[in-house]
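A quick write-up on the structure given underneath.
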Amino acid sequence: MRQQHGNKKGLTHREVPRGVGLLLAMALMNVLLYLCLDQFFISPRSAEDPRRCPYGYFRMGRMRNCSHWLSCEELRTEVRQLRRIGEGAVKRVFLSEWNEHKVALSRLTRLEMKDDFLHGLQMLKSLQSEHVVTLVGYCEEDGTVLTEYHPLGSLSNLEETLNLSKYRDVNTWQQRLQLAVEYISIITYLHHSPLGTRVMCDSNDLPKTLSQYLLTSNFSIVANDLDALPLVDHDSRVLVKCGHRELHGDFVAPEQLWPYGEDTPFQDDLMPSYDEKIDIWKIPDVSSFLLGHVEGSDMVRFHLFDIHKACKSQIPAERPTAQDVLDTYRKVLHSLRDTVMSQTKEML
Ligand SMILES: Nc1ncnc2c1ncn2[C@@H]1O[C@H](COP(=O)(O)OP(=O)(O)O)[C@@H](O)[C@H]1O
Ligand SMILES: [Mg+2]
């Protein structure tokens, strides 16, 4: 003890600055490390919404507190099925009522699709965020999932909805470009999800793609059907294939087409796999649908021409990332808004 004390006291003048220097170097290293990590990872804190519930809980409508996801028992006894509102390859969906809340009850329709159904449920549970429909409960045994009901339905209904006279005010290029930004935000989220890079596979044509997303009452978009979200892991060379059948047409990316010509019959195990850039290829088509044909849509299309051209690159690696596309869309949205604002001011 004494000796230690003596040692401390006995530090030479040269040792003191060396110690301070070492400390400074360590502090600098820490700062650099922090800055680097901050560059590479999107801090979950900044993305977190304080209103969101913890895992396993939900809140919707005017609910003040978070409630636990409903159990099988609660689903069976507390949910009143009203009428059918939709159907896809895996589920039949019913408008239902729970505790005076409107909810959507999805029922697995074909037992052979149970794996897809369970995969979708797992994704729904793990990807709860502003970009995904709110999960209210589920029962694996019964093949049921309960989610928040969105009366405007899927994105397929967008045109009909916006043509209703009560929505005439929101049928503008600004709102529609905002919808496209939200769609691309969802793709960006899926490509950087807490479960790694996820590809939206259930999207072999435009109507199918649109049917997987819901339009919310405040004209925003959430992903709803997550039954086919395979994982891409570039580090481990894990790629994906969307289904086991041959795909046709130019809505799907060129690398999704059978590459060996008409004379060689399609064989699933010979079909090469691909990555998340198939989602980027589809952005211009989905976005063009969302922009529609209102005053200003073509002006917006003109400003998005270059980024859309890049999305349609034949070589997947040359396509921009979803984040690149999102950044460009946001820039276009803000610059066009500013231009219109200054023009309006000049006119006044
Ligand atoms: N929460 C919801 N609110 C309103 N409509 C919904 C909701 N969930 C599903 N739907 C309707 O049901 C359709 C089919 O649902 P989806 O989950 O895509 O089933 P599938 O897995 O069989 O494709 C959707 O396209 C949509 O029209
Ligand atoms: Mg679907």
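The opening residue of the sequence shown carries number 1 in full-length UniProt numbering; numbering runs sequentially from there. Glycine included, each C-beta is placed from N, C-alpha and C at the ideal position. The structure presented is a predicted model; accordingly, all values stated were derived computationally and were not measured.
Expressed to the nearest angstrom, what Euclidean distance is found between the alpha-carbon atoms of Met-159 and Ser-236?
-> Position 159 of the sequence shown, counted from the start, is the residue given in the question as residue 159. Position 236 of the sequence shown, counted from the start, is the residue given in the question as residue 236. The sequence shown places Glu at residue 159, not Met. Cα to Cα, the separation comes out at about 42 Å.
Query raised in the report: DSSP on Ala-180, reduced to helix/strand/coil?
Result: Your numbering for residue 180 matches position 180 in the sequence shown. It is helical.
| query | What whole-angstrom Cβ distance do Gly-143 and Arg-107 have, given they're in contact under 8 Å? | reply | Position 143 of the sequence shown, counted from the first residue, corresponds to residue 143. Position 107 of the sequence shown, counted from the first residue, corresponds to residue 107. The Cβ separation is near 6 Å, so the contact holds.
Legend entry - Where the alpha helix (DSSP H) containing Cys-72 begins and where it ends: The residue given as residue 72 occupies position 72 in the sequence shown. Cys-72 -> alpha helix (DSSP H) spans 72-78.
Query raised in the report: Are at least three pairs of beta-carbons, each pair with one atom in the segment 313-322 and one in the segment 184-197, less than 8 Å apart?
Result: Touching, yes, given that three or more Cβ pairs across the two stretches are closer than 8 Å.
On the DSSP letters alone, give me the boundaries of the alpha helix (DSSP H) that residue 370 sits inside. Outside the displayed span of the chain (1 to 348) sits residue 370, for which this structure offers no information.
Sorry if obvious, but does the Cβ on Ala-228 come closer than 6 Å to a heavy atom of ligand 1? To locate residue 228, count along the sequence shown from 1; it is residue 228. No.
For Thr-264, three-class secondary structure by DSSP: Here residue 264 is taken as the residue at index 264 of the sequence shown, counted from 1. Three-state DSSP puts Thr-264 in coil, outside helix and strand.
Query raised in the report: Regarding Ala-89 and ligand 1, is the C-beta to nearest heavy atom distance less than 6 Å?
Result: As a working mapping, residue 89 is identified with position 89 in the sequence shown. Checking every heavy atom of ligand 1 against the Cβ of Ala-89, one is found closer than 6 Å.
*asked:* With the cut-off set at 7 Å, would you say Thr-109 and Arg-84 are in Cβ contact?
replied: Taking the sequence shown and counting its residues from 1, the one referred to as residue 109 is at position 109. Taking the sequence shown and counting its residues from 1, the one referred to as residue 84 is at position 84. Cβ distance not < 7 Å, so Thr-109 and Arg-84 don't count as in contact.
Notebook entry, point to check: Measuring from the CB of Ser-211, is there a heavy atom of ligand 2 at a distance below 6 Å?
Noted result: As a position in the sequence shown, residue 211 is number 211, starting the count at 1. The answer is yes for Ser-211.
ask   = Shortest alpha-carbon distance to Ala-89 belongs to which of Asp-169, Glu-262, Tyr-183, Asp-225?
value = What you label residue 89 is simply residue 89 of the sequence shown in a count that begins at 1. Residue Asp-225 is the option with its Cα nearest to Ala-89.
- request: Measure from the alpha carbon of Trp-69 to the alpha carbon of each residue in Asp-49, Leu-257, Gly-261, Leu-121, then state which is nearest.
  value: As a working note, residue 69 is residue 69 in the sequence shown. Taking only the C-alpha atoms, the option nearest Trp-69 is Leu-121.
- Message: Mapping the DSSP letters down to three states, classify His-68 as helix, strand or coil.
- Response: Position 68 of the sequence shown holds residue 68. Here His-68 sits in strand by DSSP.
**Study point:** Any chain B beta carbon closer than 7 Å to Val-145
**Key:** No chain B is present in this structure, which holds just one protein chain.
Asp-115 beta carbon near ligand 1 (any heavy atom closer than 6 Å): Along the sequence shown, one-based indexing puts residue 115 at 115. Asp-115 Cβ: outside cutoff for every heavy atom of ligand 1.
Quick check on Ser-96: does DSSP put it in helix, strand or coil? For the purposes of this step, residue 96 is taken as residue 96 along the sequence shown, with counting starting at 1. Ser-96: strand per DSSP, three-state reduction.
Where the alpha helix (DSSP H) containing Ala-322 begins and where it ends:
The residue labelled residue 322 in the question sits at position 322 within the sequence shown. Per DSSP, Ala-322 belongs to the alpha helix (DSSP H) from 322-347.
### Query
Beta carbon of Arg-176, beta carbon of Leu-105: below 7 Å?
As a first step, residue 176 is located in the sequence shown; it is residue number 176 there, counting from the start. As a first step, residue 105 is located in the sequence shown; it is residue number 105 there, counting from the start. No; because the gap between Cβ atoms is not below 7 Å, this pair is not in contact.
Look at the alpha carbon of Ser-220 and the alpha carbon of Asn-171, and state the distance between them as a whole number of angstroms.
Your numbering for residue 220 matches position 220 in the sequence shown. Your numbering for residue 171 matches position 171 in the sequence shown. The alpha-carbon atoms of Ser-220 and Asn-171 are separated by roughly 13 Å.
**OP:** Please look up how many angstroms separate the CB atoms of Trp-281 and Lys-312, rounded, as I've assumed it's under 8 Å.
**Re:** Indexing the sequence shown from 1 puts residue 281 at position 281. Indexing the sequence shown from 1 puts residue 312 at position 312. Rounded, the Cβ-Cβ distance is 7 Å, consistent with contact.
Quiz prompt | Gly-137 vs Leu-75 beta-carbon contact at 7 Å | solution = If you number the sequence shown from 1, residue 137 lands on position 137. If you number the sequence shown from 1, residue 75 lands on position 75. Contact flag set, yes.
Checklist entry - When DSSP labels each residue in this structure, what does Tyr-57 get in the three-state scheme? => result Walking along the sequence shown from the start, residue 57 turns up at place 57. Correct three-state label for Tyr-57: strand.
Between which two residues does the beta strand (DSSP E) harbouring Ala-223 extend? Here residue 223 is taken as the residue at index 223 of the sequence shown, counted from 1. Segment 221-223, the beta strand (DSSP E) holding Ala-223.
| message | Nearest by alpha-carbon distance to Asp-205: which of Phe-251, Leu-215, Leu-326 is it? | response | In the sequence shown, residue 205 corresponds to position 205, counting from 1. Asp-205 has its Cα closest to that of Phe-251, out of Phe-251, Leu-215, Leu-326.
| Val-238 bridges to which residues according to DSSP? | Within the sequence shown, the letter at position 238 stands for residue 238. DSSP lists Asp-233 as partners of Val-238.
- Message: Short of 7 Å in beta carbon distance, which residues of its chain neighbour Val-340, apart from the five on each side in sequence? Order them along the chain.
- Response: Position 340 of the sequence shown, counted from the first residue, corresponds to residue 340. The answer is none, since no qualifying residue turns up.
Check your understanding: Name the DSSP beta bridge partners of Val-132, please?
Key -> Numbered from its first residue, the sequence shown carries residue 132 at position 132. The partner list for Val-132 (beta bridge, DSSP) reads Ala-223.
- Is Leu-206 helix, strand or coil when you go by DSSP? For this step, residue 206 is matched to residue 206 along the sequence shown. It is helical.
Query raised in the report: Does the Cβ of His-119 lie closer than 6 Å to at least one heavy atom of ligand 1?
Result: Within the sequence shown, numbered from 1, the residue matching residue 119 stands at position 119. Checking the Cβ of His-119 against ligand 1 gives no.
Inter-residue Cα distance where the pair is Ser-217 and Thr-344:
As a working note, residue 217 is residue 217 in the sequence shown. As a working note, residue 344 is residue 344 in the sequence shown. Rounded to whole angstroms, Ser-217 to Thr-344 spans 29 Å at the Cα level.
Q. Relative to the C-alpha of Gly-249, which residue among Leu-164, Pro-230, Glu-346, Ser-203 is closest?
A. By one-based count along the sequence shown, residue 249 stands at place 249. Checked all of Leu-164, Pro-230, Glu-346, Ser-203; the closest Cα to Gly-249 is Ser-203.
Which of helix, strand or coil DSSP assigns to Ser-288:
Here residue 288 corresponds to residue number 288 of the sequence shown, with the count starting at 1. Residue state, collapsed to three classes: helix.
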